[in-house]
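Here numbering that gives the first Met the number 0 is used: position 82 in the sequence shown is 81, and no number is missing along the way. For each residue, glycine too, the CB sits at the ideal point set by N, CA and C. Bear in mind that the values here come from a model prediction, so they are computed numbers and not experimental data. First the structure, in the form of structure tokens, and then the observations on it.
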Amino acid sequence: MNRTLEWTVRVELSEEGGTTKAEAVLDTGTARLTGQGIARLSPQDPDVPTIGDEVAASRAMHDVAGQLMSVADRAIGEAGAGRPDGPVPPPYAWSDATA
């Protein structure tokens with residue numbers, strides 16, 4: 000099967016009083032997933048707004064990624080291709096170091 004898709008991710012950021020909030024929205028054309036992320040400026044750190052933007056945005060996108068993985072896991076199970084009963088062997092490829 001050959002196919003090409005385009006999914007869009009939109010990230011909105013706002014900052015007030017040292018707190019940056021992000022909302023990431025993944026639009027697949029048939030579904031939308033929304034994630035949230037927050038970054039807070041530590042009082043002893045210099046105020047570099049770009050860092051807060053990056054941290055909040057990455058947390059929001061990580062939230063969306065987790066939701067998308069949950070959707071995929073459910074679809075795998077519904078297709079009858081779930082994990083077998085018993086212990087799961089360790090991965091043989093790259094592992095998710097952020098899990």
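Integer Cβ distance of G36 from A64, believed to fall under 8 Å: Wrong, their Cβ atoms sit about 11 Å apart, outside the cutoff.
First through last residue of the beta strand (DSSP E) which encompasses R9: 7-15
Cβ separation of A55 and T19, assumed to be a contact under 8 Å, to the nearest whole Å: 4 Å
Reduced DSSP secondary structure (H/G/I, E/B, other) of A71: helix
Rounded separation between G76 and M68 - CA only: 12 Å
Contact check, V8 vs A21, beta carbons under 8 Å: no
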